[in-house]
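Residue numbers (my numbering), protein chains in the order written: chain A, 4 to 339; chain B, 4 to 339.
Heads up, the beta-carbon is just placed ideally off N, CA and C, and yes, glycines get one too.
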């Protein structure tokens, strides 16, 4: 197994990745907002021990990373790989991260909740991702007494996670529906089913790369299975709509759009992160529709590996100007 | 010899072509603005006979084209090749065009003046072009009595051509000075020397392809030699300035600009005439500066042969949308 962005999963032409996050807290220890340094140390100690006892057949051995030892650049690169949240990166003093070697499983300790189990897999893989997260949850529950009330379910710092503590999401590549103005319609229908759509790798709700995250918002009064089924059903409808919209585009206009992006990426010498995302989105669409013959894993791999921090993690620290030149070179080399 | 736009002449990195035009009128026949149909027939008869007597060692045998027989498309393609003026194309009833087989020499009969001798050669070639035009003028003067007054020189319909009747011009590719805002400075200095700069292949004074025509404006009280020397001297100064400006551009920015244009041209599927010119200008600069290794005659050849009428002359009549697709294909094929 390799990292999610290096693989092409089920429905990978549209579904880039699936993520499951489960929030848990430990009984009798205050929520993170009210924790003292001693509380953090206590939770860290509990989690170190617990992590060591998670059966290795679930996700291998979890590596324990002391977030104090992580540089700003490495933390930034973790955010870009979707392993940790920006909040966790920005307040990482005395925090622990538990992570599997393929990075598909990560557990943030003392982020918004004491325990945040995350499983991320390539493509549409809600059942498998949930199954792994659930097994880890079960294993941890044998080591740790969770804060739980029959009346509500699992207790969380923020009431929006109360109940299942589950957030399931899929990252969708929607270059056509996001361009023809129908994404807002999708977004509105999704919200009626308790789901939300938001842009990824971009400002606010816009996404430079036409990548959107669809996730469940309701955690109270709904079973995990119902939440997952609901998310999957809407995902399948969005896939169908994006595919219909793709089939309806004028062929030569689409080819022109894809081939221009390909031509620019093959020959440019200076490439900003923002422009890279726009162009990669176009060649991902082109690869999906058989217009260009490139490795289908390449677009997402380049998109993640050419983010500012990932680029520096893989190629050394650089000034912003040098990054744009390095990014240009790497993209050219991969398209040769 | 082939057409001017298919060859790379002296100083061809910057000077695309040289044009000489000599205006002459026949004594005792009214200027074109006041000619009757009989007068036109009379001039046509005189010119047919005179053309047949021009020594063939000057420019081969001149073909006589009855402009009544020329379609709108063919006339448009002649304008795009700079063989005739738009005015001549638009009012071509009963007009004659005399033209050499390589199209370097053309004589418009009854355009603004009875006789407009034009010589167009690739690159900077003022002396040679003038020499050819002068020989044709001499040969015609043996057949035709020119309207001439010692006090003024050759008489022309418009007083701006009175005297020598000579307009000499060079077509310059100035992608850098036209982009860095210094072209207006050049233009102002040129006007002090009786020269004018105007954009070609573009709206008004702008040129999509960064092609500018520098020409003399003064025909009275100045010898042909002085006018040509003056034009050549200013041309050499502009070449020097454009070259200095080219050398001063940031190397990677320039490469990026050139290679992106190259990448788009190699892969696009829909290409408007306007965008083609902008991109061709960038690859011409790239070829001049050794950034891309293409045949140096290719940019101007594509630029002329992909103009709307030339494209149809070479590839058949098409709708505007189909032209953009055909243009895209031809450009791709030439860059393969």
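Can you grab the Cα-Cα spacing for the pair residue i / residue j, in whole Å?
{"i": "residue 281 (chain B)", "j": "residue 235 (chain B)", "result": "27 Å"}
{"i": "residue 247 (chain A)", "j": "residue 254 (chain A)", "result": "13 Å"}
{"i": "residue 259 (chain A)", "j": "residue 312 (chain B)", "result": "23 Å"}
{"i": "residue 139 (chain A)", "j": "residue 171 (chain A)", "result": "16 Å"}
{"i": "residue 303 (chain B)", "j": "residue 292 (chain A)", "result": "36 Å"}
{"i": "residue 103 (chain A)", "j": "residue 5 (chain A)", "result": "11 Å"}
{"i": "residue 265 (chain A)", "j": "residue 15 (chain B)", "result": "32 Å"}
{"i": "residue 327 (chain B)", "j": "residue 180 (chain B)", "result": "29 Å"}
{"i": "residue 340 (chain A)", "j": "residue 320 (chain A)", "result": "Residue 340 (chain A) is absent from the model: chain A starts at 4 and stops at 339."}
{"i": "residue 101 (chain A)", "j": "residue 145 (chain A)", "result": "17 Å"}
{"i": "residue 59 (chain A)", "j": "residue 142 (chain A)", "result": "11 Å"}
{"i": "residue 274 (chain A)", "j": "residue 261 (chain B)", "result": "14 Å"}
{"i": "residue 34 (chain B)", "j": "residue 161 (chain B)", "result": "9 Å"}
{"i": "residue 185 (chain A)", "j": "residue 218 (chain A)", "result": "18 Å"}
{"i": "residue 306 (chain B)", "j": "residue 314 (chain B)", "result": "10 Å"}
{"i": "residue 82 (chain A)", "j": "residue 75 (chain A)", "result": "11 Å"}
{"i": "residue 202 (chain B)", "j": "residue 228 (chain B)", "result": "25 Å"}
{"i": "residue 177 (chain B)", "j": "residue 335 (chain B)", "result": "25 Å"}
{"i": "residue 271 (chain A)", "j": "residue 29 (chain A)", "result": "52 Å"}
{"i": "residue 36 (chain B)", "j": "residue 117 (chain B)", "result": "10 Å"}
{"i": "residue 225 (chain B)", "j": "residue 324 (chain B)", "result": "50 Å"}
{"i": "residue 329 (chain A)", "j": "residue 131 (chain A)", "result": "37 Å"}
{"i": "residue 297 (chain B)", "j": "residue 182 (chain A)", "result": "37 Å"}
{"i": "residue 70 (chain A)", "j": "residue 332 (chain B)", "result": "55 Å"}
{"i": "residue 133 (chain A)", "j": "residue 20 (chain A)", "result": "13 Å"}
{"i": "residue 96 (chain B)", "j": "residue 233 (chain B)", "result": "38 Å"}
{"i": "residue 115 (chain A)", "j": "residue 339 (chain A)", "result": "44 Å"}
Hey, quick one: how far does the beta strand (DSSP E) through residue i stretch, first residue to last?
{"i": "residue 202 (chain B)", "result": "198-202"}
{"i": "residue 109 (chain A)", "result": "108-112"}
{"i": "residue 22 (chain B)", "result": "18-27"}
{"i": "residue 170 (chain A)", "result": "169-176"}
{"i": "residue 37 (chain B)", "result": "Segment: none, residue 37 (chain B) is in no beta strand (DSSP E) and carries neither H nor E."}
{"i": "residue 84 (chain A)", "result": "Here residue 84 (chain A) belongs to no beta strand (DSSP E), and DSSP marks it neither H nor E."}
{"i": "residue 119 (chain B)", "result": "118-125"}
{"i": "residue 218 (chain A)", "result": "214-219"}
{"i": "residue 165 (chain A)", "result": "Unbroken run through residue 165 (chain A): none, as it is neither H nor E."}
{"i": "residue 99 (chain A)", "result": "99-102"}
On the DSSP letters alone, give me the boundaries of the alpha helix (DSSP H) that residue i sits inside.
{"i": "residue 133 (chain B)", "result": "129-144"}
{"i": "residue 53 (chain A)", "result": "40-55"}
{"i": "residue 323 (chain B)", "result": "323-338"}
{"i": "residue 307 (chain B)", "result": "301-308"}
{"i": "residue 317 (chain B)", "result": "311-318"}
{"i": "residue 69 (chain B)", "result": "From DSSP, residue 69 (chain B) is part of no alpha helix (DSSP H) but of the beta strand (DSSP E) over 66-69."}
{"i": "residue 237 (chain A)", "result": "227-251"}
{"i": "residue 186 (chain B)", "result": "186-195"}
{"i": "residue 62 (chain B)", "result": "59-62"}
{"i": "residue 94 (chain A)", "result": "Taken as a continuous stretch (DSSP letters only), residue 94 (chain A) belongs to no alpha helix (DSSP H), as it is neither H nor E."}
Under 9 Å between beta-carbons, which chain B residues line up against residue i? List them in chain order, please.
{"i": "residue 265 (chain A)", "result": "266, 270"}
Could you name the residues of chain B that residue i contacts, counting a contact when the two beta carbons are closer than 8 Å?
{"i": "residue 258 (chain A)", "result": "272"}
Mind listing the chain A neighbours of residue i? Cutoff is C-beta to C-beta under 9 Å, in chain order.
{"i": "residue 297 (chain B)", "result": "Going along chain A, no residue has its Cβ under 9 Å from residue 297 (chain B), so there is no contact; the nearest lies around 13 Å."}
Which chain A residues sit within Cβ distance under 7 Å of residue i?
{"i": "residue 262 (chain B)", "result": "270, 271, 272"}
List, in order along the chain, the chain B residues whose C-beta lies closer than 7 Å to that of residue i?
{"i": "residue 328 (chain A)", "result": "255"}
Is there a Cβ of chain C sitting closer than 8 Å to that of residue i, yes or no?
{"i": "residue 332 (chain B)", "result": "Reference to chain C is not applicable here, since the protein chains of this structure are A and B."}
So does the stretch 118-125 of chain B actually touch the stretch 21-32 of chain B, counting three or more Cβ pairs closer than 8 Å? Between the stretch 118-125 of chain B and the stretch 21-32 of chain B, the count of Cβ pairs shorter than 8 Å is three or higher; the stretches touch.
Check whether the stretch 96-114 of chain B touches the stretch 57-72 of chain B, counting contact only when three or more Cβ pairs, one atom from each stretch, lie closer than 8 Å. Cβ pair count under 8 Å is three or more, so yes.
Can at least three beta-carbon pairs, one atom from the stretch 189-203 of chain A and one from the stretch 144-152 of chain A, be found at a separation below 8 Å? With a cut-off of 8 Å, the stretch 144-152 of chain A and the stretch 189-203 of chain A do not count as touching, because too few Cβ pairs lie within range.
Would you call the stretch 153-169 of chain A in contact with the stretch 86-102 of chain A, where contact means no fewer than 3 C-beta pairs closer than 8 Å? At 8 Å Cβ cutoff, the stretches do not touch.
Within the stretch 266-297 of chain B, ranges of the alpha helix (DSSP H) (whole runs, at least 4 residues): As far as the stretch 266-297 of chain B is concerned, its whole alpha helix (DSSP H) runs of at least 4 residues are 276-291.
Any contact of the stretch 267-286 of chain B with the stretch 206-226 of chain B, i.e. 3+ C-beta pairs under 8 Å? Judged by Cβ distances under 8 Å, the stretch 267-286 of chain B makes contact with the stretch 206-226 of chain B, as three or more pairs qualify.
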